[in-house]
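Working notes for the structure below.
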Amino acid sequence: MMLVVDHPELGLRSQFLHAASHLVSELAKASLEGVQSMEEKARHQEYPTREEADLIPKYLFDDPIFIIHMCHVCRALSRTLPAFHLDDEFQKIELKLCRICRATYNCQRRIKYFKHDLLCIKRRNDNTNC
Numbered sequence: 057m058m059l060v061v062d063h064p065e066l067g068l069r070s071q072f073l074h075a076a077s078h079l080v081s082e083l084a085k086a087s088l089e090g091v092q093s094m095e096e097k098a099r100h101q102e103y104p105t106r107e108e109a110d111l112i113p114k115y116l117f118d119d120p121i122f123i124i125h126m127c128h129v130c131r132a133l134s135r136t137l138p139a140f141h142l143d144d145e146f147q148k149i150e151l152k153l154c155r156i157c158r159a160t161y162n163c164q165r166r167i168k169y170f171k172h173d174l175l176c177i178k179r180r181n182d183n184t185n186c
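First residue of the sequence shown? That's 57 in the working numbering, and the numbers climb one at a time after it.
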């Protein structure tokens, strides 16, 4: 949506349109620079190892919140998989996850444990020792 102010005597219409086109140009340039920067950084990244991507079910469900980031390919593949009704209460779903998505989930889980859970315990212990 574009707001056009038309006041020929003051020349506002042309000033506004020039400012708007300049803003669009700057946004496009910033977006292109951001994409180019990400592509350059991506060239130097290493794919996760198989060990980094191994999912262990007993650790998957430790927390009551289950968040998994999925790339476009994994979402597209998982959408085609069937869901199974186990009984009136439960349903089973399947996911297809690439090595990158699996490794990202494991990394999130480790970061939460070491950078959140343990620090909360430390803070609780420090407060009781005061």
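All residues carry an ideal CB built from backbone N, CA and C; glycine is no exception.
**Prompt:** Where does Gln147 fall in DSSP's three states?
**Reply:** In the sequence shown, residue 147 corresponds to position 91, counting from 1. In this structure, Gln147 counts as strand in the three-state DSSP scheme.
**Item:** Option nearest Tyr103 by Cα separation, candidates Lys85, Leu175, Ala86, Cys157
**Value:** Locating residue 103 in the sequence shown gives position 47, where the first residue counts as 1. Minimum Cα distance to Tyr103 is reached at Cys157.
**Message:** Give me, in chain order, the residues of the same chain whose beta-carbon lies closer than 8 Å to that of Val129; leave out the 5 immediate sequence neighbours on both sides.
**Reply:** For the purposes of this step, residue 129 is identified with residue 73 of the sequence shown, where counting begins at 1. Within the same chain, Val129 has close Cβ partners Cys154.
**Item:** Contact between the stretch 107-116 and the stretch 159-166 (3+ Cβ pairs under 8 Å)
**Value:** Touching, yes.
**Request:** Would you identify the three-state DSSP class for Phe140, choosing helix, strand or coil?
**Result:** As a working note, residue 140 is residue 84 in the sequence shown. Judged by DSSP in its simplified three-state form, Phe140 adopts strand.
**Limits of the alpha helix (DSSP H) - the one that Tyr161 falls within** = The residue you call residue 161 lines up with position 105 of the sequence shown. Its alpha helix (DSSP H) spans residues 155-168.
**Request:** Could you tell me the distance, in whole angstroms, from the CA atom of Arg131 to the CA atom of His125?
**Result:** Looking up residue 131 in the sequence shown gives position 75. Looking up residue 125 in the sequence shown gives position 69. Between the C-alpha atoms of Arg131 and His125 there is a straight-line separation of about 9 Å.
**Request:** State the CB to CB distance for the pair Ser134 and Leu151, rounded to an integer number of angstroms; the pair is presumed to be in contact (CB under 8 Å).
**Result:** The residue labelled residue 134 in the question sits at position 78 within the sequence shown. The residue labelled residue 151 in the question sits at position 95 within the sequence shown. The Cβ separation is near 5 Å, so the contact holds.
**Prompt:** Closest by CA to Phe122, which one among Lys168, Asn181, Lys178?
**Reply:** Numbered from its first residue, the sequence shown carries residue 122 at position 66. If we check each option's Cα against that of Phe122, Lys168 comes out closest.
**Request:** Just the C-alpha distance for Met94 and Ala86, rounded to the nearest angstrom, thanks.
**Result:** Start at 1 with the first residue of the sequence shown, and residue 94 comes out as number 38. Start at 1 with the first residue of the sequence shown, and residue 86 comes out as number 30. Distance from the CA of Met94 to the CA of Ala86, rounded to the nearest whole angstrom, comes to 12 Å.
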